[in-house]
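First up is the structure itself, then whatever we jot down about it.
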Amino acid sequence: MVADAFRLKLELELQLPGTDLCVSLDTRTKAVAIVGPSGAGKSTLLRILAGVERRSRGRVTFRSEVWQDSSSGAWVSPWERSVGWVPQDVLLFPHLSVRENLTYGAEPEASVTEIADLLQITPLLDRRPKRLSGGEQQRVALGRALVAEPRMLLLDEPFSALDRPLRAELCQVVRSWTLQRGVPLVLVSHDEEDARQLGEERYRLSAGTLSQED
Amino acid sequence: MHTNDPTSRSRPPRRLLTTFGVGWVLAFALAVPVRATPTAEAQDSALLVLAAASLADVLPQVALAWERTGGAPVAFSFSATSRAATQAVRDPTADVIVSADLQWVEWLRERGAVLAGTALEIASNDLVAIVPAGASGITSAEQLGGVTRIALAGENVPAGRYARSALEAHGVWAEVEPKVVRSGSVRGTLEWVARGEVSAGVVYRTDALQDSDVALAFVFDSDDHPHIGYWAAPLVGSDVPDVARAFVAFLASTEAADVFGAEGFRLPSESFDAEQARSGSSLGVPGVASAIRLSVIVALLATLVGLVPAIGLGWVLARWDFRGKSIVSALVLAPLVLPPVVTGFLLLSVLGTNTPFGGALASLGLPVPFTLLGAALAAFVVGMPLYVISIRGAFEAIDSKYEELSSTLGVTPRRTFLRISLPLALPGIAAGAVLAFARALGEFGATVVLAGNVEGSTRTIALAVYTLLESPQGQEQVWLLVGASVAVSLLALFGFEVLSRRQKQRLEDRHGR
């Protein structure tokens, strides 16, 4: 079990517009970074892991759990996966305050204080999402995923609206948070710098295939 | 309550066309007179005759006889006498008016549209009581006091006034009055009696003869009520006054009398009684306050009853994909394009007290026809399409990724709906409710068929306006209700605008992106 703590296995055949994507990934690494040009299917890969998108063929396993197996029909719904997904388009709930966004999906007793401090969003807690800058929104979206105590973290271009120094700082925060809790991380980005900072293993997704980089 | 012949429960669709098509649709839609003659030349010389709808079968036959004697071609516009008369004042190109009521001829004379002494009585009619075909037991006016429900024409149309006089003459009006339901037209009365929704009705003899599903119970003595006469008069605005006068004279001739007689009409009475023309003019004016109150209650009920189904349907149509979705969508939207009278007719066919479903409701103490419940249901069904369209639009405007994201945070679809989708769509749902409310306020056609025109329980603003327009005295009073109707409707639409804008703002979450 211990050996399997970080095991993530993906065998997918994706029919994307213009490409047939065959993904085969078997990793026990704590942090995987996937880079590649836009349109290669990076976001789709995360959506499949989060369970919000379902392809007719493929097999996804996490630790000893089978999340999807098209040959047996097995399927685990997204709300049963406990995955922290931070999508590229942020998607803060517009009718809720920052604090309500952070606690959405968390246990009632969960405290947002620590995470808000880590992400430097404490002064924003009572604001509405539309009053935030793009960078602030990205940090709140990350915070919302962390407060829910996920078993895996999926980050889709999480820092694109932040300036360089803050980016590096937040990469550190995310890295230590996941390591402390033993939570595997999958990052997709077209930014090589983010990928180098966060990814222990780096893959490149292009022309429909996933290949490991060093 | 008399049980009806079972065959009348599943009436052939033709009836829908004949009964409602001719009766209401013609009466409401033909505000613009149609000149049927083909050539432009003939059109110039054709006489335009505005005539009472109850003469729609007989007058064309009389016109044929007139044309055979070398008379100019005649084009008819049939509608209720009240509409024909107001039309004659507004559109001075018409040549002749044929009224089912002397009061309206007097009204036209007061406005200078008809010259004194030019109107001629051309036929008369009897007042009869009718029962569903096959029903028995009623042979006298005294027995009408014991029925459960009786259909009469509106109190401001002649048939309604005459029926009241006749029942008063027999001393049963006080007993009958609480059981009266008012129909929108004589065809409505016939339909209700034929279906057994009411145990009896009072109509003209010629109307009773048109429908084989009703039986003539008895004929009122002509002394029981004011004389029922049909009057024709040339209109002052006619381009061909001589021809108009000649046609009126022909209508009163013995050749015409033969045609009228064959259709069940009687000869005109000898004497012209101007006093009689004004009799009953003080009769019932619909209560303005009651109409406004009822409209608001009916519209609120329709809106509240519709809320949950509209949200459910809006959600299903916005987010679900399933076989037969377009059929569900078409069914929901159907009342938007169906003529409301057709919707009302279909509802009556499902919810009438003689139908299985409507009967079950009635036995639970919830009868639908002629009740506030019926009026609210009619308004609910007719308002539903706008309700669902608005709510569906509100849900569709929400990026479904919010729902996806909520699910990754461990929240089930049901809780996601309650915590994300519903709150985000709230202003749109409110806008839909306001729109449905406004539509319910304006509802007329389905209500008059399903729920009738019953003062104090189903006579809403629209029906009260309709009732007032039937009466020469109502023409001025109607403005109060028209004003109320316009004000409430505009207010509702303004509310819709405000809420729609709020819905849009609610979804603007991103700043500078």
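Protein sequence lines correspond, in order, to chains A and B. My numbering numbers the first residue of the first sequence as 1458 and each following residue consecutively. My numbering numbers the first residue of the second sequence as 305 and each following residue consecutively. Backbone N, C-alpha and C define an ideal beta-carbon position, used for all residues, glycine too.
Beta-carbon spacing of residue i, residue j below 8 Å
i       : j       : result
A/L1662 : A/A1507 : no
B/R468  : B/W477  : yes
B/I454  : B/V409  : no
A/P1535 : B/T720  : no
B/A679  : B/V602  : yes
B/V362  : B/F649  : no
A/L1548 : A/V1630 : no
B/A457  : B/L431  : no
B/E683  : B/E747  : Residue 683 of chain B is actually Ala in this sequence, not Glu. In contact: B/A683 and B/E747 (Cβ atoms closer than 8 Å).
B/G418  : B/A537  : First, the amino acid is wrong: residue 418 of chain B is Val here, not Gly. Result yes, Cβ atoms of B/V418 and B/A537 sit closer than 8 Å.
B/L785  : B/V592  : yes
B/D511  : B/V490  : yes
B/P689  : B/V636  : yes
B/Y534  : B/S383  : no
B/D517  : B/A498  : yes
A/A1625 : A/Q1654 : yes
A/L1559 : A/G1600 : yes
B/I724  : B/E708  : no
B/T764  : B/L652  : no
B/G618  : B/I702  : no
B/S717  : B/L803  : Here the sequence assigns Pro to residue 717 of chain B, which means Ser is not the residue at that position. No, the pair does not count as a contact, with Cβ atoms beyond the cut-off.
B/A422  : B/A521  : Correcting the residue identity first, residue 422 of chain B is Thr in this sequence and not Ala. No, these two residues do not count as a Cβ contact at 8 Å.
B/S831  : B/L642  : Given that chain B is displayed from residue 305 to residue 817, the structure contains no residue 831 of chain B and the question cannot be resolved.
B/V645  : B/G749  : yes
Any non-hydrogen atom of the ligand SAH within 7 Å of residue i CB
i      : result
B/E481 : For the structure depicted, the ligand SAH is absent and the ligand set is empty, with no information on it obtainable.
Residue-chain proximity (residue i, chain B), Cβ-Cβ < 8 Å
i       : result
A/A1531 : no
A/S1539 : yes
A/A1605 : yes
A/P1641 : no
A/W1536 : yes
A/F1634 : The question names Phe, but residue 1634 of chain A in the sequence shown is Trp. With 8 Å as the cut-off, A/W1634 does not count as an interface residue toward chain B.
Status (buried if at least 16 other CB within 10 Å, exposed otherwise) for residue i
i       : result
B/I434  : buried
B/Q809  : exposed
A/E1614 : buried
B/E579  : Reliability of the predicted coordinates at B/E579 is poor, the pLDDT of 42 falling under 50, and no value is obtained from them.
B/L359  : buried
A/Q1637 : exposed
A/L1603 : buried
B/W624  : exposed
B/V506  : buried
B/V753  : buried
B/I631  : exposed
B/T647  : buried
A/L1667 : buried
A/L1619 : buried
B/V378  : buried
B/R465  : buried
B/W411  : buried
Min CB distance residue i to chain A below 8 Å
i      : result
B/T394 : The amino acid occupying residue 394 of chain B in the given sequence is Arg; Thr does not appear at that position. B/R394 does not count as touching chain A.
B/L811 : yes
B/W328 : Only weak support exists for where B/W328 lies, its pLDDT of 42 falling under 50; the coordinates are left without a value.
Pull out every residue of the region 1545–1565 of chain A whose Cβ sits closer than 9 Å to any Cβ of chain B, in chain order. D1546, V1547, L1548, L1549, F1550, P1551, H1552, L1553, Y1561, G1562 and A1563
Taking Cβ-Cβ distances below 8 Å as the criterion, which residues of the region 702–714 of chain B are in contact with chain A? D703, K705, Y706, E708, L709, S710, S711, T712, L713 and G714
Cβ-based contacts, 7 Å cut-off: residues of the region 716–727 of chain B near chain A: T716, I724 and P727
Cβ-based contacts, 9 Å cut-off: residues of the region 1503–1533 of chain A near chain B: R1504, A1507, G1508, V1509 and E1510
Entirely enclosed alpha helix (DSSP H) segments - the region 652–712 of chain B, minimum 4 residues: 660–667, 676–701 and 704–712
Alpha helix (DSSP H) segments (min. 4 residues) lying fully within the region 1627–1667 of chain A: 1649–1655
Extract the residue ranges of the alpha helix (DSSP H) inside the region 712–745 of chain B, only unbroken runs of 4 or more that lie entirely within it. 717–720
Uninterrupted beta strand (DSSP E) stretches inside the region 356–429 of chain B (no shorter than 3 residues): 378–383, 400–403 and 424–428
Uninterrupted alpha helix (DSSP H) stretches inside the region 509–557 of chain B (no shorter than 4 residues): 509–514 and 545–555
Minimum length 4: unbroken alpha helix (DSSP H) runs contained in the region 1523–1593 of chain A: 1555–1560 and 1570–1575
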